[in-house]
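S.K.:
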Amino acid sequence: MARSKTQYICQSCGYQSAKPLGRCPNCQAWNSFEEVEDKPAVSGRSSLGGAYGGIKGGQVTALSSVGRREEPRTSSGIPELDRVLGGGLVAGGVTLIGGEPGIGKSTLLLQVADRIARSGGAVLYVAGEESLEQIRLRADRLGVAGEIQLTRDTRAEHVAALMEEHRPALCIVDSIQTVVAEGDGVSGGIAQVREGTAVLTRAAKETGTATVLVGHVTKEGTVAGPKVIEHIVDTTIFLESVGAFRLLRSVKNRFGQAGELGVFEMRGEGLIAVENPSAAFLAERPVGVPGSVVAATIDGQRPMLLEVQALAAKTPFPNPRRVVVGLDPRRVDVVLAVLERRLDLTLGGLDIYVNLAGGLKVADPGLDLAAALAVYSAVVGRPLAENVAVFGEVGLAGEVRSTTASGRRAEEARRAGYQRLIVPPGLDGVAGIRSVEEAVGVAWSGGKAPTRRRSPAEAAS
Numbered sequence: 023m024a025r026s027k028t029q030y031i032c033q034s035c036g037y038q039s040a041k042p043l044g045r046c047p048n049c050q051a052w053n054s055f056e057e058v059e060d061k062p063a064v065s066g067r068s069s070l071g072g073a074y075g076g077i078k079g080g081q082v083t084a085l086s087s088v089g090r091r092e093e094p095r096t097s098s099g100i101p102e103l104d105r106v107l108g109g110g111l112v113a114g115g116v117t118l119i120g121g122e123p124g125i126g127k128s129t130l131l132l133q134v135a136d137r138i139a140r141s142g143g144a145v146l147y148v149a150g151e152e153s154l155e156q157i158r159l160r161a162d163r164l165g166v167a168g169e170i171q172l173t174r175d176t177r178a179e180h181v182a183a184l185m186e187e188h189r190p191a192l193c194i195v196d197s198i199q200t201v202v203a204e205g206d207g208v209s210g211g212i213a214q215v216r217e218g219t220a221v222l223t224r225a226a227k228e229t230g231t232a233t234v235l236v237g238h239v240t241k242e243g244t245v246a247g248p249k250v251i252e253h254i255v256d257t258t259i260f261l262e263s264v265g266a267f268r269l270l271r272s273v274k275n276r277f278g279q280a281g282e283l284g285v286f287e288m289r290g291e292g293l294i295a296v297e298n299p300s301a302a303f304l305a306e307r308p309v310g311v312p313g314s315v316v317a318a319t320i321d322g323q324r325p326m327l328l329e330v331q332a333l334a335a336k337t338p339f340p341n342p343r344r345v346v347v348g349l350d351p352r353r354v355d356v357v358l359a360v361l362e363r364r365l366d367l368t369l370g371g372l373d374i375y376v377n378l379a380g381g382l383k384v385a386d387p388g389l390d391l392a393a394a395l396a397v398y399s400a401v402v403g404r405p406l407a408e409n410v411a412v413f414g415e416v417g418l419a420g421e422v423r424s425t426t427a428s429g430r431r432a433e434e435a436r437r438a439g440y441q442r443l444i445v446p447p448g449l450d451g452v453a454g455i456r457s458v459e460e461a462v463g464v465a466w467s468g469g470k471a472p473t474r475r476r477s478p479a480e481a482a483s
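Per our numbering, residue 23 is the first one in the sequence shown, and the count goes up by one each step.
1) Quick check on PRO101: does DSSP put it in helix, strand or coil?
2) Hey, out of GLY110, GLY121 and PRO47, whose CA is closest to GLY278's CA?
3) If we count the other Cβ atoms within 10 Å of its Cβ and call it buried at 16 or more, is GLY429 buried or exposed?
4) For the region 430 to 450 against the region 321 to 328, are there 3 or more C-beta pairs whose distance is under 8 Å?
5) Which residues bound the alpha helix (DSSP H) around ALA435?
6) Do the region 302 to 309 and the region 120 to 133 touch if we need at least three Cβ pairs shorter than 8 Å?
7) Here's the rule: buried if 16 or more other CB atoms are within 10 angstroms of the residue's CB, otherwise exposed. What is PRO312?
8) Here's the rule: buried if 16 or more other CB atoms are within 10 angstroms of the residue's CB, otherwise exposed. What is ARG105?
9) Here's a check: name, in chain order, each residue in its chain whose Cβ is nearer than 8 Å to the Cβ of GLY486, leaving out the five neighbours to either side.
10) Given this structure, state the Cα-to-Cα distance separating VAL112 from VAL82, to the nearest angstrom.
11) State the beta-bridge partners of TYR147 as determined by DSSP.
12) What residue range does the beta strand (DSSP E) around LEU269 cover?
13) Are the beta-carbon atoms belonging to VAL458 and ILE444 less than 7 Å from one another?
14) Output the boundary residues of the alpha helix (DSSP H) element that contains GLU459.
15) Is GLY230 closer than 7 Å to GLY115 when the C-beta atoms are compared?
16) Can you find the residues in the same chain that come closer than 8 Å, C-beta to C-beta, to GLU434, ignoring five residues on each side of it along the sequence?
17) Could you tell me which of MET288, TYR398, VAL239 and ILE194 sits nearest to VAL145, measuring between CA atoms?
18) Give the secondary structure of GLU306 by DSSP, where H, G and I count as helix, E and B as strand, and everything else as coil.
19) Run the CB neighbour count on GLN331, radius 10 Å, all protein chains shown included, and call it buried at 16 or more, exposed below.
20) In chain order, what residues of the same chain have a beta carbon less than 7 Å from the beta carbon of ARG174, not counting five sequence neighbours either side?
21) Determine contact between the region 446 to 455 and the region 348 to 361, defined as no fewer than three beta-carbon pairs at a distance below 8 Å.
22) Determine the DSSP secondary structure at SER69, reduced to helix, strand or coil.
23) Could you tell me whether the Cβ atoms of GLY414 and LEU391 are closer together than 7 Å?
24) Let's see if you can read the secondary structure: which residues bound the beta strand (DSSP E) around VAL82?
25) Using a 10 Å radius around the Cβ and a threshold of 16 neighbouring Cβ atoms, would you call PHE339 buried or exposed?
So, in structure tokens, the structure goes:
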């Protein structure tokens, strides 16, 4: 008879080890391992005749005979959140929202609960980390007027019973790490989180309740225990802070497209949706300053206009600095090499700083051309015109390649008032450019590059 084995699982990231470790080699957390008994599966294959112990298989169904059904959705009352979720909350769907402490997860969910309660839907709020009085204070600050049912009972089976009894339209569990369930393991541990999530997921499916679970994040920015949580739930979204803004991203969505982005601003009355992110991120852009270029980019599935900044400063050291913030440093290195080799632009005596204004981090090859023009503008000391927007990928030969979603990028630029586009060929109604040298000529009017290139000493003076 096979004997059970003992394994140790990190409570922060789910890493498994055959022996207890003081520090997790995966997430570097200290004293995070929990002992779990791993019972071996019993083989169903009989040693007599090669049959599987006389067990017959279950019923199968042809795909063509399965009926089509649209999942009913309920609007959260917040358009930006509906966008990220793919159209709203799905009845019976389970959503996991992660984010750093204090970033606004509970505030956002309380706002959603208020919107649904005001529209006539029943809402169950499971408070595992705050007292009911604390929730009331936040509700008063946010102006919550909807009737929300609160409970401090965090036992998974009891919450499931409440869902069965009240059949709410929305159930919020804040947080899943405080939920306890029958079985081994300490509260908040991997085993308890896994079992609690499974119990609540079954209850959500059986009662048709849209359920939102709040999950803690590790120091790496992932939901604690992703191996045992994220595969159970239907949707996973993350709330992150970027300056004064909050970005909500979907990384998994069984009922819609993953990669959607929602933009919010934290104010005294709660999280307020930013309907025009391009205008918000370009609001403080300086006018007529060399090294500033407006770029049309795609973050997730959303087109936005962002400002790419560059600064060139003379350095007395033999190895000039290359500092990149918000963009892919390796792609910027390629852009700098192309400028030196294909445009004969001397950068050896200059420190080059490239920044994506606003605090965002975007890995988009379409920002290459904007970075190239920003650096060129900073070195020669000539700003671009105010109505110019740029996008395109730069190759090693100095060519400008097409990018994904070119039409949506151009549409976003025109909507914001940028009628002059410097983009690769292939866009209807726009004369595309084929090289960085051609882009430089078009950028400074007349189709010709600036005739006088400043030396590094002049650029830094």
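For glycine and all other residues, C-beta sits at the position ideal for the given N, C-alpha and C.
M.R.: Straight from the coordinates:
1) helix
2) GLY110
3) exposed
4) yes
5) 428 to 437
6) no
7) buried
8) buried
9) Since the first and last residues shown for the chain are 23 and 483, residue 486 lies out of range.
10) 27 Å
11) LEU172 and ILE194
12) 267 to 275
13) no
14) 458 to 465
15) no
16) SER300, ALA318, PRO325, MET326 and LEU327
17) ILE194
18) coil
19) buried
20) ALA149 and LEU154
21) no
22) Because the pLDDT of SER69 is 46, which lies under 50, any placement of that residue in the model is unreliable, and the number read from its coordinates should be weighed accordingly. Looking at SER69 - three-state DSSP - the assignment turns out to be coil, as it is neither helix nor strand.
23) yes
24) Where VAL82 is concerned, there is no enclosing beta strand (DSSP E), given that its DSSP letter is neither H nor E.
25) exposed
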